[in-house]
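Numbered by full-length UniProt numbering, the letters in the sequence shown go through residues 1 to 145 in order.
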Amino acid sequence: MRLRREQLALDTSVLVAFFLEEERLHEKAFELIDLVFEGIYACISAVNVAELGYVLERVTEDRDFAQNCMHALCYEMSLDMLPLSWEFMRTLAHLKAVNAISFCDNATLAAANLRGCKAIFTREKEIVAKAKRLTGAEIVFLEDL
């Protein structure tokens, strides 16, 4: 994997691929998260952690599993967790105003913007179609690793 020295803000889609083993991108997501455990810098916003919980609970219909995954992100992985600070909320509000993508995807861009790193997404239609026009942070895709 070529991102050894990259600093990344993780989108929810990358983490869904990691936690759901049947996801087509699980292996690539696993490799990326393994690098996080080895010390590559990665961050995530509190908004994306909450989104992960809701997505996992909806897909698996297992609230405990979803909450355990959220707990792992918050307390067991060496991730920089961006809280809902004034600076984060102000940045997120601005990015949502100028980027025609979901609130949570803009939260990933806000985290990357504030930490001065790239945002990593999966190749969702919404992001791929608009990636060149989005502001806030440089975007990379899990599939390209």
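Ideal placement from N, C-alpha and C gives every residue a C-beta, glycine not left out.
For clarity, every value in this text was computed on a predicted model and none was experimentally measured.
When the alpha-carbon of Ala50 is set against those of Ala29, Leu145, Thr12, the nearest one is in Thr12. The beta carbons of Thr122 and Leu25 sit closer together than 9 Å. If you check the CB distance, Leu79 and Leu10 come in under 9 Å.
Look at Asp144 here: in three-state DSSP terms it is helix. Of the candidates Ala46, Gln7, Asn48, Gln7 places its Cα closest to the Cα of Leu35. Pairing Met77 with Ile40, the inter-Cα distance amounts to about 11 Å.
Within the UniProt domain "PIN" (10–130), the beta strand (DSSP E) runs of at least 3 residues that lie entirely inside it are, in chain order, 42–45, 80–82, 118–121. Leaving aside the five residues that flank Ala100 on each side, the residues in its chain whose CB is nearer than 7 Å to its CB run, in chain order, Lys130. Here Gly136 is buried: its Cβ has 16 or more other Cβ atoms, across all protein chains shown, within 10 Å. Here Glu23 has Val16, Ala17 as same chain residues with Cβ atoms under 7 Å from its own Cβ, once five neighbours each way along the sequence are excluded. In its chain, beyond the 5 residues on either side, Glu6, Gln7, Leu8, Ala9, Ala112, Ala137, Glu138, Ile139, Val140 have a beta carbon closer than 8 Å to the beta carbon of Lys118.
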